[in-house]
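Top to bottom, those sequences are chains A and B.
The opening residue of the first sequence carries number 1 in this note's numbering; numbering runs sequentially from there.
The opening residue of the second sequence carries number 146 in this note's numbering; numbering runs sequentially from there.
Protein chains: 2
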Amino acid sequence: MVVINPFWLSGFVDGRGSFYIGIDADPVFELGFQVLPEFRIICCDEEPALLYSIRTYFRHGVVFTNNANCTIEYRVREVGALYSAVIPFFERYPLYTRKKFDFYCFRDVIRMMERKEHLTLEGLEQIKKIKSKMNKNKDEDIVRT
Amino acid sequence: MVVINPFWLSGFVDGRGSFYIGIDADPVFELGFQVLPEFRIICCDEEPALLYSIRTYFRHGVVFTNNANCTIEYRVREVGALYSAVIPFFERYPLYTRKKFDFYCFRDVIRMMERKEHLTLEGLEQIKKIKSKMNKNKDEDIVRT
Numbered sequence: 001m002v003v004i005n006p007f008w009l010s011g012f013v014d015g016r017g018s019f020y021i022g023i024d025a026d027p028v029f030e031l032g033f034q035v036l037p038e039f040r041i042i043c044c045d046e047e048p049a050l051l052y053s054i055r056t057y058f059r060h061g062v063v064f065t066n067n068a069n070c071t072i073e074y075r076v077r078e079v080g081a082l083y084s085a086v087i088p089f090f091e092r093y094p095l096y097t098r099k100k101f102d103f104y105c106f107r108d109v110i111r112m113m114e115r116k117e118h119l120t121l122e123g124l125e126q127i128k129k130i131k132s133k134m135n136k137n138k139d140e141d142i143v144r145t
Numbered sequence: 146m147v148v149i150n151p152f153w154l155s156g157f158v159d160g161r162g163s164f165y166i167g168i169d170a171d172p173v174f175e176l177g178f179q180v181l182p183e184f185r186i187i188c189c190d191e192e193p194a195l196l197y198s199i200r201t202y203f204r205h206g207v208v209f210t211n212n213a214n215c216t217i218e219y220r221v222r223e224v225g226a227l228y229s230a231v232i233p234f235f236e237r238y239p240l241y242t243r244k245k246f247d248f249y250c251f252r253d254v255i256r257m258m259e260r261k262e263h264l265t266l267e268g269l270e271q272i273k274k275i276k277s278k279m280n281k282n283k284d285e286d287i288v289r290t
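So this is what it looks like as structure tokens:
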């Protein structure tokens with residue numbers, strides 16, 4: 001198990017992490033949509049110990065292997081964990097790349113979800129607007145493709 | 146200009162950096178080969194300020210834009226700079242991914258070059274062996290492609 005330095009982790013997320021808001025059509029929900037936030041870090045599949053150490057650091061999330069493209073991912077989707085662990089971490093150990101803009105948007109959405117505003121039509125529309133501004137930087141392409 | 150935290154920089158290099166040894170055929174050199182070491186960080190072309198800040202931190206290297214694939218790169222090739230600035234940095238602020246293995250190989254080669262051993266047949270052969278073990282981790286593919 002690797003002992004994670006939080007500043008190192010912030011830098012690694014600037015290189016390999018992402019903040020994503022999914023809005024999926026789902027008739028189970030009253031408004032017809034489900035909001036699905038996700039913080040993730042993608043590595044090659046040779047780094048499981050590192051990602052499990054990051055999971056231990058945050059005390060939340062899951063690590064899983066994507067055999068299709070030989071990657072391993074750490075991800076956190078649960079709103080409570082994002083609100084209580086992930087958001088405060090990046091407020092204390094800030095990002096330096098343009099990914100920090102995605103983080104600010106992500107934080108706004110998580111705070112709205114914590115207040116259950118994503119379950120109102122007005123809140124959902126606002127989240128859609130925020131989402132439309134996110135993940136525009138090309139860093140994502142460099143890491144993902 | 147961004148004030149760079151060294152632990153953050155170590156994490157960012159774990160995500161986006163690489164250590165590379167080139168061995169190019171060149172009849173100008175007595176042995177017929179030139180050894181070309183390179184430390185580099187690749188970002189999307191939206192991050193010039195960040196890479197110039199990293200350049201300022203190391204006090205060596207160059208930043209240039211690769212228009213062909215919309216990336217911007219920071220790189221250090223000069224052996225003296227690698228020996229005096231880059232190598233000591235990663236000894237003090239270690240990498241966590243398997244990229245640290247590449248760093249150890251790279252460090253061995255730079256130390257040999259500092260002692261001019263790359264200009265001997267025995268040294269060149271040893272560097273070829275070290276190079277053959279480097280950059281095997283698939284992280285490179287994730288970042289580069």
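C-beta: ideal position from N, C-alpha, C; glycine also.
Treat the numbers as computed from the prediction; the structure is a model and nothing was measured.
- Looking at the DSSP output, arginine 220 of chain B shares a beta bridge with B/Arg185 and B/Val207.
- Chain B places no beta carbon closer than 8 Å to that of asparagine 66 of chain A, leaving this residue out of the contacts.
- Rounded to the nearest angstrom, the Cβ distance from arginine 256 of chain B to alanine 230 of chain B is 14 Å, too far for a contact under 8 Å.
- In this structure asparagine 5 of chain A is buried. Its beta-carbon is surrounded by 16 or more other beta-carbon atoms within 10 angstroms.
- Val147, Ile149, Asn150, Pro151, Phe152, Trp153, Leu154, Ser155, Gly156, Phe157, Val158, Asp159 and Gly160: these are the residues of the stretch 147-160 of chain B whose beta carbon lies less than 9 Å from some beta carbon of chain A, given in chain order.
- For arginine 98 of chain A, the chain B residues whose Cβ falls inside 9 Å of its Cβ are Cys189, Glu191, Glu192 and Leu195, in order along the chain.
- Where serine 229 of chain B is concerned, there is no enclosing alpha helix (DSSP H), because DSSP gives it neither an H nor an E.
- Around the beta-carbon of valine 62 of chain A, fewer than 16 other beta-carbon atoms lie within 10 Å, marking it exposed.
- The three-state secondary structure of alanine 49 of chain A, taken from DSSP, is helix.
- Assigned with DSSP and collapsed to three states, tyrosine 165 of chain B falls in strand.
- At least 8 Å separates the beta-carbon of alanine 170 of chain B from that of phenylalanine 164 of chain B.
- Within the model, the alpha-carbon separation for proline 48 of chain A versus phenylalanine 12 of chain A is close to 15 Å.
- Glutamine 34 of chain A is bridged by DSSP to A/Asp24.
- Cβ neighbours of valine 3 of chain A within its own chain (closer than 8 Å, five residues either side excluded): Ser53.
- A residue is called buried when at least 16 other Cβ atoms come within 10 angstroms of its Cβ; glycine 167 of chain B does not meet this threshold and is exposed.
- For the pair tyrosine 219 of chain B and arginine 260 of chain B, the Cα-to-Cα distance works out to about 26 Å.
- Taking the C-beta atoms as reference points, tyrosine 241 of chain B is found nearer than 8 Å to tryptophan 8 of chain A.
- Around the Cβ of glycine 225 of chain B, a 10 Å sphere holds fewer than 16 other Cβ atoms; the residue is exposed.
- In chain order, Cys70, Thr71 and Ile72 place their CB closer than 8 Å to the CB of cysteine 44 of chain A, counting only its own chain and leaving out the 5 sequence neighbours on each side.
- Per the C-alpha coordinates, the member of A/Leu51, A/Lys100, A/Thr65 and A/Glu91 positioned closest to lysine 136 of chain A is A/Lys100.
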